[in-house]
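Numbering (this note's numbering), first residue to last: 70 to 403.
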């Protein structure tokens, strides 16, 4: 499919520095063409996993010193920490509803995907959910049900918006490679094959309908084929971490209709002139033999989240995206 967001689209990948949700929401509504709900991990319960815990339905999770852990209970109430995470998310949605009143364009929200959650959340008696086939299936189902409710809530809050759900799966390449450490640290969890990865990921992606969907993975050479087979409409990747073989997979995915969210701008170090990342992507596009006119449909993003930046640098990087996209749009019409 072509990009549903028009020509020269831009967006951020979620995380931003600081704790001022209101100011960041105002900023992203103006700075990028696909605004998104800011994720501010500097706040308690504002990190990626806590956000997903807030979305989970009918599964109780408690926060321990080592991280989030299933309690073995079920129900809509959840643990005290889970209720706090949900309260923060609801406050952020209140802010969004106020500031985005009347907004009618695309709008993106982010949530951790089932494999990353399985690699980070513990079972009641220890070790990761990843170790238990039944537990990770239950986690994926709880996420899917929660996503259905979350999308319905977002449609009430911003009724004219064209919703996009981004599933963050930074841990999936390590899951596929059998590289996630066990609780003891002496071993690794058994690797998961491609079909198994597709099966679990497809459930929450399907549950997000009618919203658009993409999977974000800023690890080296992300498993794009898994994302495509799971039903994602787009994939967000760090272009600097893709090797030649990975670029071949990117080309196949683009030709097959996947929307590319291109992490073209570094998230640390000096901010390059917009011509540099634009030229690099255009050159690679040409070498792959992809249709030049499709360059204007690529969604331009930072390489990954911006929580590690200063607020000033994060703003500048997001503003720079628009110029990169404009240059690529011009090249697509040359």
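C-beta atoms are modelled at their ideal positions from N, C-alpha and C, and glycine is treated no differently.
Which parts of the region 125-196 are runs of the beta strand (DSSP E), unbroken and 3 residues or longer, counting only runs that do not cross its ends?
130-133, 136-139 and 175-181
Could you check if residue 248 is buried or exposed, using at least 16 other CB atoms within 10 Å of its CB as the buried criterion?
Position 179 of the chain shown, counting from 1, holds the residue named residue 248. Exposed is the call here.
Beta-carbon proximity of residue 273 to residue 176, cut-off 7 Å:
Sequence index remark: in the chain shown, residue 273 carries index 204 (1-based). Sequence index remark: in the chain shown, residue 176 carries index 107 (1-based). Going by C-beta atoms, residue 273 is not nearer than 7 Å to residue 176.
Determine the contact status of residue 102 and residue 78, defining contact as a CB-CB distance below 7 Å.
In the chain shown, counting from the first residue as 1, residue 102 sits at position 33. In the chain shown, counting from the first residue as 1, residue 78 sits at position 9. Yes, the Cβ-Cβ distance between residue 102 and residue 78 is below 7 Å.
May I ask whether a heavy atom of the ligand MG can be found less than 6 Å away from the beta carbon of residue 290?
The ligand MG is not part of this structure, which contains no ligands at all.
Name the DSSP bridge partner or partners of residue 285?
Here the question's residue 285 lines up with position 216 in the chain shown. According to DSSP, residue 285 bridges with 237 and 305.
DSSP three-state label for residue 214, please.
Stepping through the chain shown from its first residue, residue 214 is reached at position 145. DSSP places residue 214 in helix when its eight states are reduced to three.
Quickly, what does DSSP pair residue 84 with across the bridge? List them, please.
The count along the chain shown starts at 1 and reaches residue 84 at position 15. According to DSSP, which records beta bridges pairwise, residue 84 is partnered with 108.
Assign residue 238 to one of two classes, buried (16 or more other C-beta atoms within 10 Å of its C-beta) or exposed (fewer than that).
Taking the chain shown and counting its residues from 1, one reaches residue 238 at position 169. Under a 10 Å Cβ-count criterion, residue 238 is classified as buried, with 16 or more other Cβ atoms of the shown protein chains found around its own Cβ.
According to DSSP, what are the bridge partners of residue 368?
Stepping through the chain shown from its first residue, residue 368 is reached at position 299. In the DSSP output, where bridge partners are listed per residue, residue 368 has 330.
Nearest to residue 156 by CA position, among 291, 115 and 195, is which residue?
If you number the chain shown from 1, residue 156 lands on position 87. When only C-alpha atoms are compared, the closest one is 115.
Own chain partners of residue 125 with C-beta closer than 7 Å, once the 5 adjacent residues on each side are dropped
Residue mapping note: residue 125 aligns to position 56 of the chain shown, counting from 1. Answer for residue 125: 211, 212 and 215, listed in chain order.
Helix, strand or coil at residue 89 according to DSSP, with G and I counted as helix:
By one-based count along the chain shown, residue 89 stands at place 20. Coil at residue 89, not helix or strand.
Cβ neighbours of residue 359 in the same chain (closer than 8 Å, five flanking residues each side left out):
Position 290 of the chain shown holds residue 359. Once the five neighbours on either side are set aside, the close Cβ partners of residue 359 are 320, 323 and 324.
Does DSSP put residue 313 in a helix, a strand or coil?
Within the chain shown, residue 313 is the residue found at index 244, counting from 1. Residue 313: helix per DSSP, three-state reduction.
Restricting to Cα atoms, I'd like to know which of 234, 347 and 293 is closest to residue 393.
Counting from one through the chain shown, the residue named residue 393 turns up at place 324. Measuring from the Cα of residue 393, the nearest candidate turns out to be 347.
Mapping DSSP to helix, strand and coil, what is residue 375?
Residue 375 sits at position 306 when you count from the first residue of the chain shown. Coil, per DSSP.
Ranges of the beta strand (DSSP E) found wholly within the region 240-296, counting only runs of at least 3
281-286
Would residue 205 be called buried (16 or more neighbouring beta carbons within 10 Å of its own) or exposed?
For the purposes of this step, residue 205 is taken as residue 136 along the chain shown, with counting starting at 1. With 16 or more Cβ atoms within 10 Å of its Cβ, residue 205 is classed as buried.
Which residue marks the beginning of the alpha helix (DSSP H) containing residue 299, and which one marks its end?
The residue you call residue 299 lines up with position 230 of the chain shown. Note, residue 299: premise wrong, no alpha helix (DSSP H); not H, not E.
Just how far apart, CA to CA, sit residue 264 and residue 167?
On the chain shown, residue 264 is found 195 positions in, with the first residue counted as 1. On the chain shown, residue 167 is found 98 positions in, with the first residue counted as 1. Roughly 42 Å between the two C-alpha positions.
Check the C-beta distance from residue 304 over to residue 270 and give it rounded, since I have them as a contact under 8 Å.
As a position in the chain shown, residue 304 is number 235, starting the count at 1. As a position in the chain shown, residue 270 is number 201, starting the count at 1. At roughly 12 Å, the Cβ-Cβ gap does not stay under 8 Å, so residue 304 and residue 270 are not in contact.
Pop quiz: residue 223 and residue 232 are said to be a contact at Cβ under 8 Å. What is the actual Cβ separation, rounded to whole angstroms?
As a position in the chain shown, residue 223 is number 154, starting the count at 1. As a position in the chain shown, residue 232 is number 163, starting the count at 1. The Cβ separation is near 6 Å, so the contact holds.
Which class does residue 387 belong to by DSSP, given the choice of helix, strand or coil?
Here residue 387 is taken as the residue at index 318 of the chain shown, counted from 1. Looking at residue 387 - three-state DSSP - the assignment turns out to be helix.
Residue 79 - DSSP class collapsed to helix/strand/coil:
Residue numbering aside, residue 79 sits at position 10 when the chain shown is read from its first letter. DSSP places residue 79 in strand when its eight states are reduced to three.
In the DSSP assignment, the alpha helix (DSSP H) including residue 410 goes from what residue to what residue?
Outside the shown range of the chain, which is 70 to 403, sits residue 410, and nothing can be said about it.
Over the uninterrupted alpha helix (DSSP H) stretch that includes residue 349, give me the two end residues.
Looking up residue 349 in the chain shown gives position 280. It spans 344-357 - the alpha helix (DSSP H) in which residue 349 sits, taken as one unbroken run.
Count the other CB atoms, across all protein chains shown, that sit within 10 Å of the CB of residue 11; report buried if there are 16 or more and exposed otherwise.
Since the first residue of the chain shown is 70 and the last is 403, residue 11 is not available in this structure.
By alpha-carbon positions, which one of 172, 351 and 135 ends up nearest to residue 193?
Here residue 193 is taken as the residue at index 124 of the chain shown, counted from 1. Among 172, 351 and 135, the Cα nearest to that of residue 193 belongs to 135.
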